[in-house]
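Colleague:
Numbering (the numbering used here), first residue to last: 55 to 267.
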């Protein structure tokens with residue numbers, strides 16, 4: 055039940071997504087076939103059984119769950135029919151977030167966010183469409199995806215150093231806080247294997263970093 059409670063609290067079923075975004079099942083399927091709408095992040099296959107005065111009853115049910123942020127993404131898709139333009143929107147929002155974070159003091163020389171940024175965006179787009187980021191970020195949207203990637207890169211760079219200066223500890227704290235803000239809580243059975251546990255909880259514990267919250 056923990057898993058179902060988590061999904062019902064932090065995600066939308068397909069029906070809830072359709073109702074809130076005001077799109078039909080056919081429209082959702084069309085956007086997914088076009089390669090502009092993410093797949094679901096979780097799919098539950100339930101085997102239900104009941105026993106009552108009328109006897110035993112059993113049925114199977116499949117429930118798909120999507121990130122809540124996809125309501126706003128569907129609004130983008132309804133206003134922009136061109137596939138190439140949709141990828142450009144994703145890329146622009148991702149790039150803008152990276153630039154904003156740089157102005158806030160986040161930095162890296164990692165080629166993913168410098169010389170290989172174009173190919174990196176293509177990979178991020180594919181992960182987005184696969185529903186991966188709907189699972190591991192709070193909104194599943196480009197802003198959280200960019201923040202998560204930038205944070206992970208910085209945390210890995212800084213924790214690879216033998217010793218941290220005071221300034222580097224401050225940067226590590228900021229990167230961990232950024233990842234904390236962008237990451238989902240993850241389903242109960244996923245938490246100990248998640249990037250949140252490894253790069254937020256464990257890094258805070260190891261480096262005795264203060265929790266921003």
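Note that CB positions come from ideal geometry on N, CA and C, so glycine has one too. From a predicted model like this one, the values you see are computed outputs, not experimental measurements.
(1) Quick one: using the 10 Å Cβ neighbour count with 16 as the cut-off for buried, is residue 97 buried or exposed?
(2) Quick one: what's got a C-beta closer than 7 angstroms to residue 152's C-beta in the same chain, skipping five residues either side?
(3) Nearest by alpha-carbon distance to residue 206: which of 231, 217, 195, 193 is it?
(4) Apply the 10 Å Cβ neighbour rule to residue 111 and answer buried if 16 or more other Cβ atoms are within range, or exposed otherwise.
(5) In three-state terms, what does DSSP make of residue 65?
(6) From what residue to what residue does the beta strand (DSSP E) around residue 97 run?
(7) Apart from the five residues just before and just after residue 72, which ones in its own chain have a Cβ nearer than 8 angstroms to its Cβ?
(8) Can you give me the C-alpha to C-alpha distance between residue 225 and residue 211, rounded to a whole angstrom?
(9) Where in the region 172 to 231 do unbroken runs of the beta strand (DSSP E), each at least 3 residues long, occur, reported from the N-terminal end onward?
(10) Decide if residue 197 is buried, meaning its Cβ has at least 16 other Cβ atoms within 10 Å, or exposed.
(11) Under 8 angstroms: do the region 214 to 225 and the region 163 to 180 share three or more Cβ pairs, one atom per stretch?
(12) How is the beta strand (DSSP E) around residue 256 delimited, first residue to last?
(13) Report back the beta-carbon spacing between residue 183 and residue 123 to the nearest angstrom; my notes put them in contact at under 8 angstroms.
(14) Do you know whose CA, among 214, 180, 213, lies nearest residue 93's CA?
(15) In the DSSP assignment, find the alpha helix (DSSP H) that holds residue 158 and state where it starts and stops.
(16) Around the C-beta of residue 159, are 16 or more other C-beta atoms found within 10 angstroms, so that it is buried, or is it exposed?
(17) Can you determine whether any heavy atom of the ligand ZN sits closer than 7 angstroms to the C-beta of residue 202, and answer yes or no?
(18) Go through its chain and collect everything with a Cβ distance to residue 176's Cβ below 6 angstroms, but skip five positions before and after it.
(19) Run through the region 108 to 160 for me and flag every whole alpha helix (DSSP H) of 4 or more residues, listed as ranges in chain order.
(20) Would residue 119 and residue 67 qualify as a contact pair, given that the criterion is a beta-carbon distance under 8 angstroms?
Modeller: Let's see:
(1) Walking along the chain shown from the start, residue 97 turns up at place 43. Looking at its Cβ environment, which holds fewer than 16 other Cβ atoms inside 10 Å, residue 97 is exposed.
(2) For the purposes of this step, residue 152 is taken as residue 98 along the chain shown, with counting starting at 1. Result list for residue 152: 167, 200, 204, in chain order.
(3) Along the chain shown, one-based indexing puts residue 206 at 152. Nearest C-alpha to residue 206: 231.
(4) Translated into positions along the chain shown, residue 111 becomes position 57. Result: exposed.
(5) Position 11 of the chain shown, counted from the start, is the residue given in the question as residue 65. Strand, per DSSP.
(6) Translated into the one-based positions of the chain shown, residue 97 becomes position 43. Here the beta strand (DSSP E) through residue 97 covers 96 to 106.
(7) By one-based count along the chain shown, residue 72 stands at place 18. Hits under 8 angstroms: 78, 79, 82.
(8) Residue 225 sits at position 171 when you count from the first residue of the chain shown. Residue 211 sits at position 157 when you count from the first residue of the chain shown. Rounded to the nearest whole angstrom, the C-alpha separation of residue 225 and residue 211 is 11 angstroms.
(9) Annotation note: the region 172 to 231 contains no uninterrupted beta strand (DSSP E) run of length 3 or greater.
(10) Residue numbering aside, residue 197 sits at position 143 when the chain shown is read from its first letter. Classification for residue 197: buried.
(11) Result no; under three Cβ-Cβ pairs closer than 8 angstroms.
(12) Position 202 of the chain shown, counting from 1, holds the residue named residue 256. Segment 256 to 261 is the alpha helix (DSSP H) holding residue 256; no beta strand (DSSP E) there.
(13) Here residue 183 refers to the residue found at position 129 of the chain shown. Here residue 123 refers to the residue found at position 69 of the chain shown. Taking 8 angstroms as the upper bound for CB-CB distance, residue 183 and residue 123 are not in contact here, some 14 angstroms apart.
(14) For the purposes of this step, residue 93 is taken as the residue at position 39 of the chain shown. Minimum Cα distance to residue 93 is reached at 180.
(15) Position 104 of the chain shown, counting from 1, holds the residue named residue 158. Following the DSSP letters along the chain, one finds residue 158 in no alpha helix (DSSP H), marked with neither H nor E.
(16) Along the chain shown, read from residue 1 onward, the residue named residue 159 stands at position 105. The residue is exposed, with fewer than 16 neighbouring Cβ atoms inside 10 Å.
(17) This structure does not include the ligand ZN; it has no bound ligands of any sort.
(18) Position 122 of the chain shown, counted from the first residue, corresponds to residue 176. Cβ neighbours of residue 176 beyond the five flanking positions: none.
(19) Annotation note: the region 108 to 160 contains the following uninterrupted alpha helix (DSSP H) runs of length 4 or greater, listed N- to C-terminal: 124 to 133, 137 to 157.
(20) Taking the chain shown and counting its residues from 1, one reaches residue 119 at position 65. Taking the chain shown and counting its residues from 1, one reaches residue 67 at position 13. If you check the CB distance, residue 119 and residue 67 come in under 8 angstroms.
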